[in-house]
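Trainee:
Number of protein chains: 2
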Amino acid sequence: MTDPVFKETYSPLSSSELVAKEKSMMDENRFAHCVRVSETARTLAKLNGYDEDKAALAGFVHDYAKQIPVEEYIKVIKEEGFDPDLLNWNRAIWHGIVGSWFIKRDLGITDPEILTAVYRHTTGDVEMTTMDQIVFVADYIEPGRTFAGVEEARKTSYADLASGVGYELAHTLAFLVQKRSKIYPRTLAAYNVWAAE
Amino acid sequence: MTDPVFKETYSPLSSSELVAKEKSMMDENRFAHCVRVSETARTLAKLNGYDEDKAALAGFVHDYAKQIPVEEYIKVIKEEGFDPDLLNWNRAIWHGIVGSWFIKRDLGITDPEILTAVYRHTTGDVEMTTMDQIVFVADYIEPGRTFAGVEEARKTSYADLASGVGYELAHTLAFLVQKRSKIYPRTLAAYNVWAAE
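So the sequences go chain by chain: F and L.
For the first sequence, position 117 (counting from the first letter as 1) is numbered 117 according to the UniProt record's numbering, and the numbering increases by one without interruption.
For the second sequence, position 25 (counting from the first letter as 1) is numbered 25 according to the UniProt record's numbering, and the numbering increases by one without interruption.
(1) Using three-state DSSP, classify residue 2 of chain L as helix, strand or coil.
(2) Could you tell me whether the Cβ of residue 84 of chain F comes closer than 8 Å to any Cβ of chain L?
(3) Are there three or more Cβ pairs, one per stretch, closer than 8 Å when the stretch 154-168 of chain L is compared with the stretch 78-89 of chain L?
(4) Under 8 Å between the Cβ atoms of residue 96 of chain L and residue 123 of chain L?
(5) With 8 Å as the threshold, decide whether the Cβ of residue 180 of chain L is near any Cβ in chain F.
(6) Does DSSP put residue 181 of chain F in a helix, a strand or coil?
(7) Please go through the same chain and pick out, in chain order, the residues whose beta-carbon is closer than 8 Å to the beta-carbon of residue 102 of chain L, but skip the five residues on each side of it.
(8) According to DSSP, is residue 33 of chain L helix, strand or coil?
(9) Taking only runs of the alpha helix (DSSP H) that begin and end inside the UniProt domain "HD" (30-144) of chain F, which ones reach a length of at least 4 residues, in chain order?
(10) Relative to the alpha-carbon of residue 197 of chain L, which residue among F:183, F:195, F:191, F:188 has its alpha-carbon at the smallest distance?
(11) Taking the straight line between their C-alpha atoms, what separation do you get for residue 118 of chain F and residue 58 of chain F?
(12) Terminal residues of the continuous alpha helix (DSSP H) containing residue 10 of chain L?
(13) May I ask you to report which of helix, strand or coil DSSP gives residue 175 of chain F?
(14) Looking only at its chain, what residues have a beta carbon closer than 7 Å to the beta carbon of residue 19 of chain F, apart from the 5 residues adjacent to it on each side?
(15) Can you round the beta-carbon distance between residue 150 of chain L and residue 44 of chain L to whole angstroms, since I take them to be within the 8 Å contact cut?
(16) With 16 other CB atoms within 10 Å as the buried threshold, where does residue 60 of chain F fall?
(17) Quick check: the Cα distance between residue 48 of chain L and residue 108 of chain L, rounded to an integer number of angstroms?
(18) Is any heavy atom in the ligand FAD found nearer than 7 Å to the beta carbon of residue 122 of chain F?
(19) Going by Cα to Cα distance, which pick from F:174, F:193, F:15, F:115 is closest to residue 191 of chain L?
(20) What in chain F is Cβ-close to residue 183 of chain L, meaning under 9 Å?
(21) Does any residue of chain L have a CB that is nearer than 8 Å to the CB of residue 177 of chain F?
(22) According to DSSP, simplified to helix, strand and coil, what is residue 197 of chain F?
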């Protein structure tokens, strides 16, 4: 796999510095996932008239913080003014909400569209911009995903981005309930807006 | 079907007045459902060391307000200090939360355990007393229910009341997501407490 190149990094880092930093934060499988999400985000951006390079960058960094140690997350949540309720959750939730904070700190990215897309990519939200929707959906349908229903998710998302968001939220909720996993309330609120008919 | 008799009505009404008033508010099928919920609540109370007569009464009145016209609900929500967000929902939600208000007004029942059980019976809640759990579960497993899984719901509930609450919340959520129906946030919060493992 060729490393991606970003024309603009929205940060003081060069493209190769940004890629090297991301690589240093995760194992090879996750890095490959990030590259695939980046490419899928580009495709979705093209289909939806959004800045392709910017979407590709957001897709690339979306999981930047996924493998940061739990202890570091807890420290940051406690010391940086995050909602203390986050301490009742786990890295599946943190790597979006708190992940955007790490991206700002480590990569120097301050663009609000990129940071918000990362913030919202694991939970969804009641309000989601086009960029938010692109990253949220790209993460779900990138070519490495193999869950039952992924082909329908792809078809739905490529035909209509907002419908893809709804599909993802409904199926994620169903998956979590089937596992009897705790569901983040913001995800339910997002489901009520994007998926409920 | 013989009309039920309540030793104590927790109201100025006699048992026969209360039964007559309830009958006047609903069709025969719903009345029969209320009698079955009353009997199931009695059984669950017995199994859980709760006042059987009181549980039977709460089970009987739980759907008292289910067939009150939508317009009357809207008027009461607006004029009686209910959360205006309730206007975004429907009688499936209202007949518990606002239903308890109608029971107080029409039947003169002021006992907080009965009113709270009615309030919570359609949505569940993070905190649920034994009485709340009894009415919530009795409504779900009464002998007239025929949905797929009802036998497992009964077995689970008779073995352990709290597990019955969890079963009901998980399966109700799955059912609503499958239908792409809006989910009341309090139900999600209840699921996270009672069903998530």
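For each residue, glycine too, the CB sits at the ideal point set by N, CA and C.
Mentor: On the basis of the coordinates in this document:
(1) coil
(2) no
(3) no
(4) yes
(5) yes
(6) coil
(7) 64, 65, 68, 76
(8) helix
(9) 52-61, 70-79, 91-97, 99-107, 112-120, 130-141
(10) F:183
(11) 7 Å
(12) That residue, residue 10 of chain L, is in no alpha helix (DSSP H); it is neither H nor E in DSSP.
(13) helix
(14) 3, 4
(15) Not a contact, Cβ separation roughly 15 Å.
(16) buried
(17) 27 Å
(18) The ligand FAD is not part of the structure shown, which contains no ligands of any sort.
(19) F:174
(20) 173, 188, 191, 192, 196
(21) yes
(22) coil
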